[in-house]
Every structure is written in structure tokens, then in C-alpha cells.
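S.K.: Chains as they are written, first to last, in the working numbering: chain A, 1 to 767; chain B, 1001 to 1161.
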Amino acid sequence: MVRIAKVERVRRRNGQARYVVTEDSGAPLWGPDADLAVVGHAHRRVEGREKVSGRATYAYDVRLPGLLFARVLRSPYPHARVRRVDTARAAALPGVYAVLSSADAPPIRWYEQSYLFDRTVRYVGDEVAAVAAESEDVAEDALRLIDVEYEPLPFVVDLVAATRPDAPKVWPSGNCLAPRTYQRGDVDAGLAAADHIVDETYATQAALHNCLEPHGCTATWDGEQLTLWDSTQSVFGVRDGVAEALGLPAHHVRIIKQYMGGGFGSKQVAWKHTVIAALLSRQARRPVQLMLDREAENLAAGNRNPTRQRVRLGARRDGTLTAIHAHIEQGVGAYLLGGEGSEVSGPYQGLYRCPNVRTEQVAVYTHTGPAAAFRAPGWVEGAFALESAMDELAHALGVDPLALRRRNYTAEDQQRGVPYTLDGLRHCYDRAAAAFGWERYQKPPPPGSKRRGVGMAAHDWGGGGWPPAYAWVKLNADGTADVITGTQDIGTGTRTGLSQVAAEALGLPLERVALRLGDTQAGPYAPVSAGSATQATLGPAIQQAAGEARQQLLAAAAPMLDAAPAQLSARNGEVYVVDAPGRRLAVAEVMARIAPHMIQGTGARGPNRRDRSVGTFGAHFVEVEVDEATGEVTVLRLVACHDCGRIVNPTLVQSQVIGGITQGLGYALSEERVVDQASGVVLNANLEEYKVPTVADVPALEYVPLGLPDLEANSTGAKGIGEPPLVPTAPAIANAVYDAVGVRLRELPLTRARLLAALAARGEARR
Amino acid sequence: MQPITLAVNGARHEFLVEPRRTLLDALRDELELTGTKKVCDMGDCGACTVLVDGRAMYACLLLAIDCQGQAITTIEGLGSADGLDPLQEAFVEADAFQCGFCTPGQIMSLKGLLLADPAPTDAAIFRAVTGNLCRCGAYPNILRAGRLAADRLARSNGPDR
Chain A
1 MVRIAKVERV RRRNGQARYV VTEDSGAPLW GPDADLAVVG HAHRRVEGRE
51 KVSGRATYAY DVRLPGLLFA RVLRSPYPHA RVRRVDTARA AALPGVYAVL
101 SSADAPPIRW YEQSYLFDRT VRYVGDEVAA VAAESEDVAE DALRLIDVEY
151 EPLPFVVDLV AATRPDAPKV WPSGNCLAPR TYQRGDVDAG LAAADHIVDE
201 TYATQAALHN CLEPHGCTAT WDGEQLTLWD STQSVFGVRD GVAEALGLPA
251 HHVRIIKQYM GGGFGSKQVA WKHTVIAALL SRQARRPVQL MLDREAENLA
301 AGNRNPTRQR VRLGARRDGT LTAIHAHIEQ GVGAYLLGGE GSEVSGPYQG
351 LYRCPNVRTE QVAVYTHTGP AAAFRAPGWV EGAFALESAM DELAHALGVD
401 PLALRRRNYT AEDQQRGVPY TLDGLRHCYD RAAAAFGWER YQKPPPPGSK
451 RRGVGMAAHD WGGGGWPPAY AWVKLNADGT ADVITGTQDI GTGTRTGLSQ
501 VAAEALGLPL ERVALRLGDT QAGPYAPVSA GSATQATLGP AIQQAAGEAR
551 QQLLAAAAPM LDAAPAQLSA RNGEVYVVDA PGRRLAVAEV MARIAPHMIQ
601 GTGARGPNRR DRSVGTFGAH FVEVEVDEAT GEVTVLRLVA CHDCGRIVNP
651 TLVQSQVIGG ITQGLGYALS EERVVDQASG VVLNANLEEY KVPTVADVPA
701 LEYVPLGLPD LEANSTGAKG IGEPPLVPTA PAIANAVYDA VGVRLRELPL
751 TRARLLAALA ARGEARR
Chain B
1001 MQPITLAVNG ARHEFLVEPR RTLLDALRDE LELTGTKKVC DMGDCGACTV
1051 LVDGRAMYAC LLLAIDCQGQ AITTIEGLGS ADGLDPLQEA FVEADAFQCG
1101 FCTPGQIMSL KGLLLADPAP TDAAIFRAVT GNLCRCGAYP NILRAGRLAA
1151 DRLARSNGPD R
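1) Smallest Cα separation from V1017(B): which of L1024(B), P1003(B), A1007(B)?
2) Taking the alpha carbon of G462(A) as the reference point, which residue from T616(A), A270(A), P607(A) has its own alpha carbon closest?
3) Return yes when the Cβ of P1104(B) is within less than 8 Å of the Cβ of G796(A), no when it is not.
4) With a CB to CB cut of under 6 Å and the five nearest residues on each side skipped, what residues in its chain are close to D1160(B)?
5) With distances taken from CA atoms, which of V160(A), A570(A), S234(A), R9(A) is nearest G523(A)?
6) Find out if the Cβ-Cβ distance for the pair A595(A), G479(A) is shorter than 8 Å.
7) Answer yes or no: do Q258(A) and G237(A) have a C-beta to C-beta separation smaller than 8 Å?
8) Could you tell me whether any Cβ in chain B is nearer than 8 Å to the Cβ of C211(A)?
9) M1001(B) touches chain A at which residues, Cβ-Cβ below 9 Å?
10) Can you give me the Cβ contacts of L228(A) inside the same chain, cut-off strictly under 6 Å, excluding the 5 residues immediately before and after it?
11) Determine, using beta carbons only, whether C1060(B) comes closer than 8 Å to chain A.
12) Apart from the five residues on each side of it in sequence, which residues of its chain come closer than 6 Å, Cβ to Cβ, to A207(A)?
13) Can you tell me whether G190(A) is helix, strand or coil according to DSSP?
14) Skipping 5 residues on each side, what residues in its chain have a beta carbon closer than 6 Å to that of E224(A)?
15) Distance cutoff 8 Å, beta carbons only. Does A1010(B) sit that close to anything in chain A?
16) What is the DSSP secondary structure of Y690(A), reduced to helix, strand or coil?
17) If you measure from the beta carbon of G491(A) to each beta carbon in chain B, is any gap under 8 Å?
18) According to DSSP, simplified to helix, strand and coil, what is Q578(A)?
19) Just the C-alpha distance for R1055(B) and L1115(B), rounded to the nearest angstrom, thanks.
20) Cα separation between D147(A) and T87(A)?
21) From which residue to which residue does the alpha helix (DSSP H) around Q1088(B) run?
22) With 16 as the cutoff for other CB atoms within 10 Å, does L781(A) come out buried or exposed?
23) For A604(A) and M291(A), I'd like the C-alpha separation in whole angstroms.
24) List the residues of chain B whose Cβ lies closer than 7 Å to the Cβ of Q488(A), in chain order.
25) Would a C-beta distance cut-off of 8 Å place G314(A) and G398(A) closer than the cut-off?
26) Which of the residues in the stretch 676-692 of chain A, read from start to end, lie with their CB under 7 Å from any CB of chain B?
27) Do the CB positions of R308(A) and T201(A) come within less than 8 Å of each other?
28) Given 8 Å as the limit, is there contact between the stretch 475-493 of chain A and the stretch 519-535 of chain A, that is, 3 or more CB pairs closer than that?
29) Start and end of the beta strand (DSSP E) containing I1075(B)?
30) Say whether the stretch 426-441 of chain A touches the stretch 641-650 of chain A, bearing in mind that this needs 3 or more beta-carbon pairs closer than 8 Å, one atom from each stretch.
31) With a threshold of 8 Å between beta carbons, is D1044(B) in contact with chain A?
32) Check for me: the beta strand (DSSP E) holding P1003(B) runs from which residue to which?
33) Scan the stretch 597-622 of chain A for residues whose Cβ lies nearer than 7 Å to a Cβ of chain B and list them as they occur along the chain.
34) I need the DSSP call for D1160(B), collapsed to helix, strand or coil.
35) Pick out whichever of A394(A), A718(A), C211(A) has its Cα sitting closest to the Cα of F374(A).
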């Protein structure tokens, strides 16, 4: 039962009061060796048939009578004042039903000190006007009829250039925000005590999410009631954002998201286009679909922030770390977006045992599209630099890279001073290294210009989930169950994984459980699907709700089976007497005998333990072949092991791991947003020249399951796996490249041009 | 606007389109066959793959008016009312997708292959989907699904029958 156990008043640092609500949490139902009927089994995706048949309705697929299609006019300048917008010719075009621009749109506050349609544009792709028409083609015609007079202003698009004092300013207060700092111990003393110091600077690129379904929504009004089918990771987040922007009460805004063609972190908030679609629909008095085209998707819907990171590692001769210092600059684009933050400093603070750590993270504005969370935001960038630096340290000290990491192992969350719930990383090292054959690896003799090498990298991450989240369970008269939540399945398999938790806790087969999600009007609050947290956040709430229903089911069955409720259990759709399993009754029969009375349960996600820290960990081991003649890096094989607690569905976890690594391959080797410094234009805002991995780019990927239930993390023992598999891929590859050819690439992606330049420089140095 | 007739999934559809209308937009917006996905709209990603006279084609690179007189099959035209096509079954079985947005295109590319070559090699299966991007990275399972479906097809056409 959902019950608020206590409400505490906590003083924030700024003196304001905050109220912390604690709801009861359920006890673990399934021990590490529990004989489970549904959880832990490789069930197929419950929505599989909808997806393979084309029947799954994505936001882009909503078709309503009278539907209009919208397009957004975007700034061709990286920085300009909009002196005048004239939409008269566009509005007069046959087939056009609504037009909006800064000339007539309501003054809705948006990023920083700007408006929905601002009089200043701050990146190529910034919103200037929008049109709704009978087709996307006509809407695009109309955009060409909008006359805009721009006054171009000085701009800066490069992260490093933007930090210079004389750089054109994105905002009057300057391009560099105040650094976010973290410190423990004394870094200077730690460096002074070191026998060896690595002091290098690393750079990571802006990467584009390229979700195959672009950002966008379909909006329709019924009086004052707004319904939006949005391609989002957070139906409640979008509801609140849209309601606030439009001045509507929350219960007048309904957000629906049943299927989504990828988000990867970029679809966590109400974006401008969401509100623009609602405004156009209200103006046109017809439903409006506003989906970004591919170019807009790559300009104006988020990117992984580029970074520059100066890293200093101090260590004793035996490899023991004495100090970690990182000074980080991250390019946030022209606006701070909100949603999940990009903590590049994260891995420095937690991955290794070290008493002296300092990180400074400076967000830097540039005249480029706003950065957004991208699958393990910050960690992917930070791990590249830290794990490359650790490899440099290992080679400098003549220590095996894995041995160096073991030497600096920590079983404690050093920021909070509490132990981790599980010793996960140690197991990942052992399992992945064994499967890879790290200890006994021998380089084959080099064929021609090709060189082999191996490398590894580790990672930490959250993924433990958090309160609040809720679930309601209804047992139907035919023995089926509806599990009602307000979460979303962003393509990760949430429907299936959470259905398995519900089925197990109810004692029903999976096919008798339907999981409801993705509709603010139908279910209770759930947080954004981000941070690899959904299974660990919703699972315990569902388990509690289902457990409560199960108790009532057993109580109802007790007189039917001449037994006390405590003597009964439920499994695979039957209630049975534990000591006499022959005495059994189908759940459907129990429910039929009490119909039309129903059984229901509610559950809440209780708090995480304060005396423990929940983390997810993993390690990648890679073998590469580098062609010194062409600079081509070929990943031959990659072995990955990740600690995600209890594996609820081995198939889905495997798919997550393989998919994450594949994105990591792209980040390491081919993906990079290219911005022309002279014009501020993104040169590869498409899938032709922005190189996401294809089927031809995927090497042999071996995933080694760990599967240790983490019962101190939450009552289901499961943790996240969505983001972790991408984190260590790039540094593991970079480290393998160094092992192969002896040159260190400190800038991503590891392109042929960069490698050839580094090889040439090495040749010069040797001569 | 121009009247055209398209034969899609065995049914004739007469409607008006602008000559510039792509087959992809005509399928999605005029016929409301939204299983065919719009991703790049410039022939880079394969999400809009359909069969035109049995051959896998990118619908975003075809004009609707040019497709008259040809038999067009979309993802909605596979399988029957009471069952999925063996390729569709294989995709579910092999977990050959996560978000599912590229899936119809992947399946149609492989369908085109199996129609032309009922006993394809692994290399042919691989080649058939090289033009289909999957951002979730389900590639190994997509290849596995293709193999699974091809093997079943070979068995059902085999000498035992």
C-alpha cells in the first residue's frame, strides 16, 4: 500500500526549506538463489509483434482527421538580431493554416533570458518562425516565403576559442560559467608525494544522438484540453513543462508516448517545438504534427557536449594513486537545456581509490545548438580522458593496465564515505579478463603494415534508481492483471522487464500481465526514463503493488483450498498449498468465484539506503588491428562485463550491452559533428556525412553476463544497464591503438587523419 | 495535384498527389500506412524500405507518380491476418530490435533478398542490410534473424516437402 511514512523538513544550503517524503518500501521477495518462474528468464519483448508488423504507433505515426504538418524556420546565422519578420506571404499561401514568429507569438519565456521565438538567434538552427500546412511540402514552401531581416553579430563556435577573454559573447555575463568544483584531500600534496605524474590534455568531440525517430509531437485541442503524442522519455516532465509554458493547469494537458524511435537522453524535457506545435494547433483549430527533419534534429535537438580535459594523475612507483586532478571545459552550446546534467568530472571522483581528488568543471557557451544528455552524459567523455591517462600511467610505470586498476580498486563511494552495495567492478575485471584472455595474450607477428594491440578500460555509473515512483495493480476476474504505471518504454525493453517483475510477484505467467505506461492521464507519477534507472525505480514499486495484490489473492483462495493464507503460494497462474502442491486452484478460478469483487494493490518506490551507495560498474577489453599505411583502426573483438545486479531478462540485457558498445564504437572511431568555423554552419547534419555505425562496422562483441542480485540496492535486486555499456568503449580502443602502434591519440574520434598525423610525428621524432 | 493509382499490398488506391510527392509521404500521409518510417528522407538510412515489384527500394527516393503500375509492398503487407511473416517472427525471436523504428525497413530489405534468393549465404544476408541503419545497435541480432528466416524458408521448400 502506498503510504507516506514521514515528511522531513531539510534546510538547503541557500537557507530554503525542502521537504523529503519517505514512503514505505517493500522487503526483498527473492533471495539470490530464489527459484523464479518469470524473472531471470529470456522472454521475448512483449511488444515485439507490434513493432515488426508496423502497427506500433510512434509520435510520428499518429494520424488524425484534418491533421496538419508543421515546419520550423531556423536561423542561417550563428548569432544575429532578428530586425524584422514578415510572414504575410507565407500565411497567404493556399494550404497554410497557421504561422508563428517573434512578430506575433505569445511572449513565452524559454532558455536563460530568452523567449520561445527570440529577437536574437544564437546558433545556426535557432527557431525563428513556424508554419502549419496541409503537408510537409507546403509547410516548407511557406517557410521560403517568410521574409526575415537579420543583423549578423560576432560569433564563436569553437569550445577553446570561446574561453578566450576577447571571444564574442553568447550572453552578456561571458561565455564561461562559474566552475563546479569538487575536492577531497589535498591534490597538491598528493602530486608532491608522487613518484610519477601524468599531465596530459584530452579532447572529445560533439556527438549527435541521431535518434531515428526525430524529436517531435502531434498536438490536438479539445476546448481547453490539450493532448500531445510526444516522442519523449518523460511524459510527466513534458506535461509540466508544457502546462507551465502555456499557463494551463496540469490536468488539462495529457501527454501520450507509447513507442519511441530512440532518445538516448535527448528527449527528457519539453522542447520548444512541443509548445510550438500546441500553439500552431490552437491557432489552426486542427491537430498539428511537428516532427523535426533530419537536419533540424541534428542542429536543434541536442548533442553530446564537446570537452577539453587537462588531467593530472600522481602515483607511487607501485601504481598507488596519490592524486587525481581534472580541469574540464565542456561546450554546452548557446543555451542550458535542463534535464539530466553532464557530469564529466564524475569518473574522476569515484572510479579509483584516491585520497586527494580535485575536479573543476567549467560550462562554456558557444554559438552552437544546445547540448543535451546523451547516454551516460559526462561519464563517456570523462572516462575517455581518465582511462586514457590511467593507461599512460601504467605504461610509464611498467605496470600492467589491469593490475594498475586493481591496485587502485575501491569498494567504497568516497564522495559519501559509505560502501557500495556490491563489489561489482572486481567481478567485472575477473570475468572479462578471463573471457578475453588478457593475461596470456600474445601479439601475432605483424602482417605487412598491420599491427595488433590490446587495451582495456573500466567504468562506474549510477543506475540504482530513486524515489518516487508508483504502480497500481488490478487483478481481473479472468485471472489476468493490469499493471498501471506512468513510466515510459524508450525502446529499452521496459514493458517486458517490468511485466516480468509483476508476473513473478503475482504468480502469473507473463502473458497474463499487461503493463500500462506512457500516458499522464492513465497512470500515477513516474520520473523521466533516464540514468539507467527505470527498472530499479519502477521495479520495486511494481513488486510492492503486486505483492499486496498477491496477499489478498491468497487470502481469497484460503477458504477455497481449506488452508490458511500463510500455507499458500502462487506461481504460473495457480494458487497452491505449499506442503501439498497437489491441492491447487487456478488464479482465474479464484477470481471468478469472488467476482465482481476485485483485487488491487498499490506500491511506491521506497528510499535508497543512506548507509550504502548503489553503483553500476563494468570493464571492456579490446583487440584492434591498426594499419600503419592507411591509419585504419579495425576492432577485431571486444569483451564486456557489466554489473547490473539481478538480470531480469538475459536477452534484453544482452541487446542493451551490444547496442551500447555499438554506439561506443561510433563515438570512438567515426562520429563527430563538424562545424564550419567561418560560418557557424554544421557541415554534417545528416546521416550521409555524420557516420553512425552500420552493420559493417560491428566486430565480434562478447558479453559476459554477471548476474549477481544486488539486494541492498533495492527489493528486486536489479540495477540499470542502459547507459553503462557505452562508457568504457572509446578509451579501451584508444588504449589498444597505443599498444598496437605506440602512439597516443588524445582526441576523439580516432580518425585515420589523426592517426596518420601521429604516426608521421612519431617517425619524425625517431629520425 | 494529379490523380494517380497505386497498387499497395494488393489493393488499388486512387488519390490526388502533387508530382513532387515521394512514395514515402504518399504511403504515410495519403494511405496512412505509417509502418514505413521517415528518418533521413535522402536515401541514407533505409528506414523507408519497401518492395517495388519485389525489389527492396528506398521509398524516400521514389516519386509516387512514378510508381503507378508497379506492385508495392509495405511492412503492413507482410504476413496474414492470423500470423506474421516468417521474417517478422524471426525478428521477434532473435530480439533483432530495441526501439523498433528501423525494423520495418530492415525486414523489407531482407524480404527483398529472400524473394530473389531463397537460400542466401551469410554474406548475402549481411549485404542486404548494409543500407539499413540501426541506432540502437541490434545488428548482430538482425543478421541472426535473417539467417533464422532463411533457414526456415529453405526447410519449408526443401526435398522433404
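For each residue, glycine too, the CB sits at the ideal point set by N, CA and C. Quick caveat, the model's predicted, so the values are computed rather than measured.
M.R.: Reading it off the structure:
1) Per the Cα distances, P1003(B).
2) Check the Cα spacing between G462(A) and each of T616(A), A270(A), P607(A): the tightest is with T616(A).
3) Limits of chain A in this structure are 1 at one end and 767 at the other, which puts residue 796(A) out of reach.
4) Caution is warranted here: a pLDDT of 48 is assigned to D1160(B), below 50, making its placement in the model unreliable, and no coordinate value can be reported.
5) Looking at the Cα atoms, S234(A) is the closest of the given residues.
6) No.
7) At a Cβ-Cβ threshold of 8 Å, Q258(A) and G237(A) do not count as neighbours.
8) Interface with chain B (8 Å Cβ-Cβ cutoff): C211(A) is included.
9) Going along chain A, no residue has its Cβ under 9 Å from M1001(B), so there is no contact; the nearest lies around 11 Å.
10) Shown here for L228(A): same chain residues with a beta carbon closer than 6 Å to its own, the five before and five after excluded, namely C217, A219, I255 in chain order.
11) Not closer than 8 Å to any Cβ of chain A, the Cβ of C1060(B) fails to qualify, so no.
12) Counting only residues of its own chain and dropping the five nearest sequence neighbours on each side, A207(A) has a CB closer than 6 Å to the CB of R304, Y667, E671.
13) The answer is helix: DSSP assigns G190(A) an H, G or I state.
14) If the five residues before and after E224(A) are omitted, its C-beta is found closer than 6 Å to the C-beta atoms of H252, all from its own chain and listed in chain order.
15) With the sequence shown as reference, residue 1010(B) is identified as Gly, and Ala is not the correct amino acid for it. No, G1010(B) does not count as interfacial toward chain A.
16) The three-state reading of DSSP puts Y690(A) in coil, since its state is none of H, G, I, E or B.
17) Between G491(A) and chain B, the shortest Cβ-Cβ separation is below 8 Å.
18) Just to set this straight, residue 578(A) is Val in the shown sequence, not Gln. Judged by DSSP in its simplified three-state form, V578(A) adopts coil rather than helix or strand.
19) Answer to the nearest angstrom: the Cα atoms are 8 Å apart.
20) Straight-line Cα distance between these residues: approximately 7 Å.
21) Segment 1086-1093, the alpha helix (DSSP H) holding Q1088(B).
22) Since the first residue shown for chain A is 1 and the last is 767, residue 781(A) is missing from the structure and cannot be characterised.
23) The alpha-carbon atoms of A604(A) and M291(A) are separated by roughly 35 Å.
24) Here the premise fails: no neighbours, minimum Cβ distance about 12 Å.
25) Cβ atoms of G314(A) and G398(A): not closer than 8 Å.
26) So the list reads N686, L687, E688, V692, given in the order they occur along the chain.
27) At the C-beta level, R308(A) and T201(A) come within 8 Å of one another.
28) Verdict: yes, contact present.
29) Here I1075(B) belongs to no beta strand (DSSP E), and DSSP marks it neither H nor E.
30) Yes, the stretch 426-441 of chain A touches the stretch 641-650 of chain A.
31) Interface flag for D1044(B) against chain A is set, since a Cβ pair is found closer than 8 Å.
32) Element bounds for P1003(B): 1002-1008.
33) Taking a C-beta cut-off of 7 Å against chain B, none of the residues of the stretch 597-622 of chain A qualify.
34) At D1160(B) the pLDDT is 48, less than 50, meaning the model places this residue with poor confidence; the figure from the coordinates comes in the next sentence. Coil, per DSSP.
35) Nearest option by C-alpha distance: C211(A).
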